[in-house]
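First residue of the sequence shown? That's 1 in full-length UniProt numbering, and the numbers climb one at a time after it.
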Amino acid sequence: MKKNVLIIGAGGVAKVVAHKCAQHNDELGRIAIASRNISKCQAIIDSVKAKGSLKQPADIKAFALNALDVEATKALIRETESQIVINVGSAFLNMSVLRACIDTGVAYLDTAIHEEPGKVCETPPWYGNYEWNHLQECQEKNITAILGVGFDPGVVNAYAALAQQQHFDRIDSIDILDVNAGSHGKYFATNFDPEINFREFTGQVWSWQDSQWTSNTMFEVKRTDDLPVVGSQNLYLTGHDEVHSLSKNLDVPNVRFWMSFGEHYINVFTVLKNLGLLSEQPVKTAEGLEVVPLKVVKAVLPDPSSLAPGYTGKTCIGDLVKGTKNGQPREMFIYNVADHEEAYAETDSQGISYTAGVPPVAAALLVARGEWDVQRMVNVEELPAEAFLEALDVMGLPTRIKDEHGDRPWNQNA
1 MKKNVLIIGA GGVAKVVAHK CAQHNDELGR IAIASRNISK CQAIIDSVKA
51 KGSLKQPADI KAFALNALDV EATKALIRET ESQIVINVGS AFLNMSVLRA
101 CIDTGVAYLD TAIHEEPGKV CETPPWYGNY EWNHLQECQE KNITAILGVG
151 FDPGVVNAYA ALAQQQHFDR IDSIDILDVN AGSHGKYFAT NFDPEINFRE
201 FTGQVWSWQD SQWTSNTMFE VKRTDDLPVV GSQNLYLTGH DEVHSLSKNL
251 DVPNVRFWMS FGEHYINVFT VLKNLGLLSE QPVKTAEGLE VVPLKVVKAV
301 LPDPSSLAPG YTGKTCIGDL VKGTKNGQPR EMFIYNVADH EEAYAETDSQ
351 GISYTAGVPP VAAALLVARG EWDVQRMVNV EELPAEAFLE ALDVMGLPTR
401 IKDEHGDRPW NQNA
């Protein structure tokens, strides 16, 4: 049984992770938070204490860490006696933190795929470029490494596994629909790290169609869906992490990811891109300064964590699954609805951070209990889905199903 959690990162998702770990510290043990900016770590700890989130009295410790420094990360893992590392820092850190976890023999969890600063939208499958290169090593060294265990990727992978295991004999398509129908009141802002956000949309849009990789451009393919609670929404075909593991691990010929965007976001994004301000490649100013345009844009936009106090509205994220059961066509939407204001009341965070931050803690609990301590590298769809969804129900992200029998909790018989 594993105990003691090291959280790497100090953004909005890390704040949710800290609150949720605190609420379950009777099982998870000691909690430590580390990032380059120790004052941000301390601010998270202050929030946890102010909300009374700790289930049992305990100290949460903050540490300054450059997580690209593998040796420093290994030393901190040993110092804090952590047996579970939840990596919710920048996606550029993944391979360094994974390396530290493998070398120290502790469990590794993250919420997004690894990225290299100078590369955008690499050749699919994306996991094959970095993480999956360590599949054999994790197997040989009995290292539990759970990849992409946020909401999307993460929970939506579990939804796909649930559909395949319980509700379909054959699945023809999985369309992951991600809608944020909330409003933050800013002229323009992103809901998570602007640099990572824009990198998702500036390259090719890779999807898995007819059992092969298909390329489109951003905002090229659009659909409109009438979804629970949030109503009619315009969604656009977008490249995303979970497509790259589901296409490998589930025998499904069509796996696509769709995200909702308003006209204002699309217009601002298009101007920034056309001006070259979303480029990840450095340029020189007239004064001889070398800057990366994308990092400049990130610097002038609101910090995503600052959006939380005034955020209103809801999110709706789920899997629209089509296939057959008992020889008959079937369609099912497996989903969650989250509320920005409720997330803020509980964790001082907005709903996007909440949906991303709760799942890795649910996964950490399952690792601590031994249910998900599988001692190998896996994506979420390779793990038992029911225990995960049951934990999420209790922790604030309940799952529902909408199909020909109506709209109901996922574990309620039709």
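All residues carry an ideal CB built from backbone N, CA and C; glycine is no exception.
Just so it is clear, the structure is predicted and the values come from calculations on it, not from any experiment.
Burial state of residue i (16 or more Cβ within 10 Å)
i, result
"Q23", "buried"
"T315", "buried"
"L278", "buried"
"Y187", "exposed"
"Q166", "exposed"
"S306", "exposed"
"S247", "buried"
"P153", "buried"
"R78", "exposed"
Alpha helix (DSSP H) segment containing residue i, residue limits
i, result
"N249", "D241 to N249"
"M395", "A385 to M395"
"I266", "E263 to N274"
"T202", "P194 to T202"
"G9", "Careful: G9 lies outside any alpha helix (DSSP H) and carries neither H nor E."
"A286", "Premise fails: A286 is in no alpha helix (DSSP H) and is neither H nor E."
"N25", "N25 to L28"
"E404", "Unbroken run through E404: none, as it is neither H nor E."
Closest residue to residue i among the options (Cα-Cα distance)
i, options, result
"G310", "A75, A387, G185 and Q83", "G185"
"N87", "E280, K15, D46 and W126", "K15"
"I266", "R99, L235 and E242", "L235"
"R36", "R30, T73 and A58", "T73"
"V13", "S90, K51 and P302", "S90"
"Y108", "V255, L294, A363 and S215", "A363"
"D178", "T285, V85, F257 and V268", "F257"
"I401", "G370, N191, T347 and N336", "N336"
"I174", "D393, D373 and I317", "I317"
"G327", "I171, T312 and W206", "I171"
"T347", "G370, M395 and P153", "M395"
"E115", "N129, V106 and I102", "N129"
"G323", "A160, N274 and E290", "A160"
"P194", "T80, I45 and E280", "E280"
"K298", "A391, R199, G182 and L383", "R199"
"K295", "I33, W206, W213 and G276", "G276"
"A10", "E287, S349 and A368", "S349"
"H134", "Q412, N379 and P57", "N379"
"H85", "A58, A32 and I60", "As written in the sequence, residue 85 is Val, which differs from the His given in the question. Checked all of A58, A32 and I60; the closest Cα to V85 is A32."
"L383", "K2, A145, S183 and Y127", "A145"
"V358", "L227, N274, V155 and L320", "V155"
Start and end residues, beta strand (DSSP E) containing residue i
i, result
"S96", "Unbroken run through S96 is the alpha helix (DSSP H), N94 to T104; no beta strand (DSSP E)."
"T217", "Looking at the DSSP string, T217 is not in any beta strand (DSSP E), and its letter there is neither H nor E."
"V85", "I84 to N87"
"G323", "K314 to K325"
"Q209", "V205 to Q209"
"V64", "At residue 64 the sequence reads Ala, which differs from the Val that was named. Residues I60 to A64."
"E71", "Unbroken run through E71 is the alpha helix (DSSP H), V70 to T80; no beta strand (DSSP E)."
"Y127", "That residue, Y127, is in no beta strand (DSSP E); it is neither H nor E in DSSP."
"Y108", "A107 to D110"
"V255", "N254 to S260"
Coil, strand or helix - residue i by DSSP
i, result
"A368", "helix"
"D303", "coil"
"W132", "helix"
"R376", "coil"
"E115", "coil"
"W410", "coil"
"P228", "coil"
"S39", "helix"
"S353", "helix"
"E331", "strand"
"residue 415", "Outside the shown range of the chain (1 to 414) lies residue 415, about which nothing can therefore be said."
"V179", "strand"
"T347", "helix"
Proximity test, residue i beta-carbon vs the ligand COA heavy atom, cut-off 7 Å
i, result
"E381", "For the ligand COA, the structure offers nothing, since it holds no ligand at all."
Residue ranges of each beta strand (DSSP E) within the stretch 137-168, 3 or longer: Qualifying beta strand (DSSP E) stretches, in chain order: 145-147.
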